Amino acid sequence: MESGISFRIFFGLLAIMVCCVIISEAQMPPRYKRSIVEIDNPKETLQVLGNLAQSILEAEGISNEKRGLDLGLSRGFSGSQAAKHLMGLSAASFANGPGRKRRFADETQ
Numbered sequence: 001m002e003s004g005i006s007f008r009i010f011f012g013l014l015a016i017m018v019c020c021v022i023i024s025e026a027q028m029p030p031r032y033k034r035s036i037v038e039i040d041n042p043k044e045t046l047q048v049l050g051n052l053a054q055s056i057l058e059a060e061g062i063s064n065e066k067r068g069l070d071l072g073l074s075r076g077f078s079g080s081q082a083a084k085h086l087m088g089l090s091a092a093s094f095a096n097g098p099g100r101k102r103r104f105a106d107e108t109q
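Residue 1 is where the sequence shown starts when you use the UniProt record's numbering, and the numbers rise one by one after that.
Below is the structure:
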């Protein structure tokens, strides 16, 4: 009797473990293989990458501390002028906006 119960417990635990393994594999993201690319001239490629890394490092060292953020205020271009310009552009693109009005022959008579 005890051997039958222990067999059932063993079989039940085995079934639970198999289900857990199946569920965990189903939730894993797919693994992609690395693509292999053949390079014709690897020395030249390494040289180009080295030059690129060097230019990036040099560019980080350059800083223009004299230059600041220019919002147009130092050149006499005010916010109200920009607003008027934008309003004029929107009025010009509006279908019933300013411009030459075409009259039909029926309206003139």
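Each residue gets a CB set at the ideal place from its N, CA and C atoms; glycine is no exception.
All figures in this text were calculated on a predicted structure; none of them were measured in a lab.
Cα-Cα separation, residue 5 to residue 11 | The residue you call residue 5 lines up with position 5 of the sequence shown. The residue you call residue 11 lines up with position 11 of the sequence shown. Straight-line Cα distance between these residues: approximately 10 Å.
Secondary structure of residue 48, DSSP reduced to three states | Stepping through the sequence shown from its first residue, residue 48 is reached at position 48. Residue 48 falls in the helix class under three-state DSSP.
For residue 109, count neighbouring Cβ atoms within 10 angstroms of its own Cβ and tell me buried if that reaches 16, exposed if not.
-> Along the sequence shown, one-based indexing puts residue 109 at 109. Any answer about residue 109 is weak, because its pLDDT of 47 lies below 50 and its placement is not dependable; what the coordinates show is given next. Answer is exposed; the Cβ neighbour count stays below 16.
Nearest-angstrom Cα distance between residue 81 and residue 95?
-> Position 81 of the sequence shown, counted from the first residue, corresponds to residue 81. Position 95 of the sequence shown, counted from the first residue, corresponds to residue 95. Rounded to whole angstroms, residue 81 to residue 95 spans 24 Å at the Cα level.
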